[in-house]
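Residue numbers (full-length UniProt numbering): 1 to 344.
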């Protein structure tokens, strides 16, 4: 039956060939003659490898190898430079060979769901045209920072893995619209959420989050899933501490931070000569209430935001967002009523 389909494709020069669910264990050499094939579906078979002769299919733009018996990504794939969509779900793949990734410059969709992958190599950045990557139900322990260099990415799905953190570089993806991180072991999202200017769907359900990062309420999400986390409860607290006396070091730091924004100031002109000081000052924070810069984290609080009111979402939910305050003065202001103290 397989040979009949191939013979038919040879006669008609059909650009699409569907050989899914045919119990195929290997591909015949005659495949090398199908040089005009654009779409090839080989999913739901028993393939454990692909022959090198397949490199003749230079016009291939879509290849489906899902639900087979592959233990590695076939090396022949590195020759498919025109490939746009690659489906490898439901195999036994453990790692991603860098040399294969480097040979797929036009790949836009990569589906690696239901495999045994633990690490995504840094060479993933070679997939410069990639728009969608899905690696659900694997054994991923970390995400490479290089993923933040892939400016075309619009969708990332790492649901059901073993991730404990995500790199801050993911905030550098300007086109990212959908991010799925459900059922991992994330304890926090790094600071820099405002980088997700176009993010519309965020799924972090089933993790270990307690609070969302600074500025999270300014995202324009349409859907947010966060059930099954360890979010701090909606609790209002009053600060009873007396007004603190800022140390000379902190006062000096605040003065330098203020002066550094003035290009004509002595401080601003002197900073390039002191790289260590520049590095220290690069970690400054901005008070959520008075907007003044400060260096030491005096108070870490949460603001319970309403997703409908603050983010324009259809559903109304209370989400705890991390907030930095520069002093007890700001914490004790009358307009702090929606803040709850987390840690001094």
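Glycine residues also receive a C-beta, built at the ideal position from the N, C-alpha and C atoms.
Quick caveat, the model's predicted, so the values are computed rather than measured.
Is it buried or exposed for residue i, if we count other Cβ within 10 angstroms and need 16 for buried?
i, result
"residue 274", "exposed"
"residue 251", "exposed"
"residue 116", "exposed"
"residue 233", "exposed"
"residue 74", "buried"
"residue 150", "buried"
"residue 307", "buried"
"residue 113", "buried"
"residue 357", "Nothing can be reported for residue 357, as the shown portion of the chain is limited to 1 through 344."
"residue 311", "buried"
"residue 266", "exposed"
"residue 330", "buried"
"residue 288", "buried"
"residue 34", "buried"
"residue 262", "exposed"
"residue 183", "buried"
"residue 347", "Nothing can be reported for residue 347: it is not among the residues displayed for the chain, which extend from 1 to 344."
"residue 264", "exposed"
"residue 214", "buried"
"residue 345", "Since the displayed the chain opens at 1 and closes at 344, residue 345 lies outside it and no answer follows."
"residue 189", "buried"
"residue 30", "exposed"
"residue 255", "exposed"
Give me, in chain order, the residues of the same chain whose beta-carbon lies closer than 6 angstroms to that of residue i; leave out the 5 immediate sequence neighbours on both sides.
i, result
"residue 71", "92"
"residue 120", "144"
"residue 76", "50, 52, 54, 55"
"residue 66", "43, 87, 89, 90"
"residue 126", "101, 102"
"residue 64", "41, 43, 87"
"residue 204", "181, 226"
"residue 109", "85, 132"
"residue 68", "45, 47, 91"
"residue 27", "51"
Once you ignore the five residues that flank residue i on each side, which residues in its own chain have a CB closer than 8 angstroms to its CB?
i, result
"residue 81", "58, 103, 104, 105, 106"
"residue 25", "45, 46, 47, 48"
"residue 177", "154, 155, 198, 199, 200, 201"
"residue 169", "145, 146, 147, 148, 149"
"residue 278", "271, 272"
"residue 141", "118, 119, 161, 162, 163, 164"
"residue 230", "208, 209, 210"
"residue 217", "303, 305, 310, 311, 319, 321"
Need the endpoints of the beta strand (DSSP E) that residue i sits in, please.
i, result
"residue 99", "No beta strand (DSSP E) contains residue 99, which is instead part of the alpha helix (DSSP H) from 98-101."
"residue 178", "178-180"
"residue 322", "318-325"
"residue 197", "Unbroken run through residue 197: none, as it is neither H nor E."
"residue 346", "This structure gives no information on residue 346, because the portion of the chain shown stretches from 1 to 344."
"residue 134", "132-134"
"residue 227", "Segment: none, residue 227 is in no beta strand (DSSP E) and carries neither H nor E."
"residue 85", "85-87"
"residue 110", "109-111"
"residue 157", "155-157"
Residue i lies in the alpha helix (DSSP H); which residues open and close that run?
i, result
"residue 267", "266-270"
"residue 41", "Segment 39-41 is the beta strand (DSSP E) holding residue 41; no alpha helix (DSSP H) there."
"residue 347", "Outside the shown range of the chain, which is 1 to 344, sits residue 347, and nothing can be said about it."
By Cβ distance below 7 angstroms, which residues in the same chain neighbour residue i in space, the five residues on each side in sequence not counted?
i, result
"residue 98", "121, 123"
"residue 195", "171, 172"
"residue 338", "Interpretation of residue 338 is limited by its pLDDT of 49, a score under 50 that renders its predicted location unreliable; no figure is taken from the coordinates."
"residue 219", "193, 196, 199, 311"
"residue 292", "326"
"residue 137", "113, 114, 160"
"residue 185", "162, 163, 164, 207, 208"
"residue 317", "307"
Contact criterion: CB-CB distance below 8 angstroms. Does residue i meet it with respect to chain C?
i, result
"residue 90", "Chain labels in this structure do not include chain C; a single protein chain is all it has."
(message) Does the contact criterion of 3 or more C-beta pairs under 8 angstroms hold for the region 122-139 versus the region 149-168?
(response) yes
(request) Entirely within the region 30-75 and at least 3 residues each: give me those beta strand (DSSP E) ranges in chain order. (result) 39-41, 62-64
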